[in-house]
Amino acid sequence: MPTLARLHLAARESAAASQPQAMPPTLHSESETVQWLMGNLPRTELWVAEIPDEGGDDDLLGYAELEDGWLNALYVDPAHQRGGVGTMLLDLVKARRPQGFALWVFETNRPARDFYAASGLVELDHTDGSGNEEQAPDLRMAWLGLDPLGYLTGELAVVDRTLRELHERRQALLSRLANLPGGASTRTR
Numbered sequence: 001m002p003t004l005a006r007l008h009l010a011a012r013e014s015a016a017a018s019q020p021q022a023m024p025p026t027l028h029s030e031s032e033t034v035q036w037l038m039g040n041l042p043r044t045e046l047w048v049a050e051i052p053d054e055g056g057d058d059d060l061l062g063y064a065e066l067e068d069g070w071l072n073a074l075y076v077d078p079a080h081q082r083g084g085v086g087t088m089l090l091d092l093v094k095a096r097r098p099q100g101f102a103l104w105v106f107e108t109n110r111p112a113r114d115f116y117a118a119s120g121l122v123e124l125d126h127t128d129g130s131g132n133e134e135q136a137p138d139l140r141m142a143w144l145g146l147d148p149l150g151y152l153t154g155e156l157a158v159v160d161r162t163l164r165e166l167h168e169r170r171q172a173l174l175s176r177l178a179n180l181p182g183g184a185s186t187r188t189r
């Protein structure tokens, strides 16, 4: 696991060094990254790309981490980037998730966004970054799978469910407002 954490951090640091605006600074130490990866293992699929070295051991080239319909991470050792490792891992993810999957990518990480777009992923959402620990704007991209209509219909169903829940909460609040002592105004409707 330490090797995986080192690769993860090296890929992030390399991206930040080559394009300082592309990747927010790394917030976690190697030991924290190891703990994070270990904590993810019970609920995720972890796929690694390796190549035998001269000593008979395997050198780690990259990894992909999947959880349900999400690609949580895809990182390639900086020494092996642009050599097909990322494409191989992404193709594996597509094979493992033929119904489609989504991922988050920093808005400023143009190389990753271009890679994903060239691989058939589309941008679905944009956030201001308030929901991620780096506080950096990001995009949700998705590979729509073998049935794009089915994938997008499923996404719409999630949005509709969320809107229904929000509407129900709003109605409950309006009801409470109307029942306040002194007869609250309904002008907020």
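The sequence shown begins at 1 in UniProt numbering and counts up by one.
Backbone N, C-alpha and C fix where the C-beta goes; we use that ideal spot for every residue, glycine too.
These figures come from a predicted structure and were not determined experimentally.
Problem set entry | For E155, three-class secondary structure by DSSP | helix
Whose CA, out of S18, W104, A73 and A142, lies closest to the CA of G131? W104
_Secondary structure of G86, DSSP reduced to three states_ = If DSSP states are grouped into helix, strand and coil, G86 belongs with the helices.
Helix, strand or coil for D160? Go by DSSP, reduced to three states. helix
Query raised in the report: What span of residues does the alpha helix (DSSP H) with A136 cover, start to end?
Result: That residue, A136, is in no alpha helix (DSSP H); it is neither H nor E in DSSP.
Report the three-state DSSP secondary structure of L9 (helix, strand or coil).
Reduced to three states, the DSSP call for L9 is helix.
Check whether the stretch 80-89 touches the stretch 55-68, taking contact to mean three or more Cβ pairs, one atom from each stretch, closer than 8 Å. yes
* How is the alpha helix (DSSP H) around D114 delimited, first residue to last? -> R110 to A118
Check: Taking the alpha-carbon positions, what's the Q99 to H80 distance?
Finding: 29 Å
- request: Output yes or no for whether 8 Å exceeds the beta carbon distance between L144 and E123.
  value: No, the pair does not count as a contact, with Cβ atoms beyond the cut-off.
Can L74 and E45 be called in contact, C-beta distance under 8 Å?
-> No, the Cβ-Cβ distance between L74 and E45 is not below 8 Å.
Run the CB neighbour count on D77, radius 10 Å, all protein chains shown included, and call it buried at 16 or more, exposed below. buried
**Asked** By Cβ distance below 7 Å, which residues in the same chain neighbour V93 in space, the five residues on each side in sequence not counted?
**Response** Contacts found: A64, L66, L71 and F101.
- Task: Determine the DSSP secondary structure at E45, reduced to helix, strand or coil.
- Result: strand
- Where R110 and A117 are concerned, what is the direct C-alpha to C-alpha distance, given to the nearest angstrom? 10 Å
If I follow the unbroken beta strand (DSSP E) through D59, where does it start and stop?
D58 to E67
First and last residue of the beta strand (DSSP E) that includes A102? F101 to F106
Exercise. Helix or strand or just coil, what does DSSP make of P52?
Worked result: strand
*Mind checking whether L89 and A49 have CB atoms under 8 Å apart?*
yes
Would you kindly work out how many angstroms separate the C-alpha atoms of D53 and A136, rounded to a whole number? 38 Å
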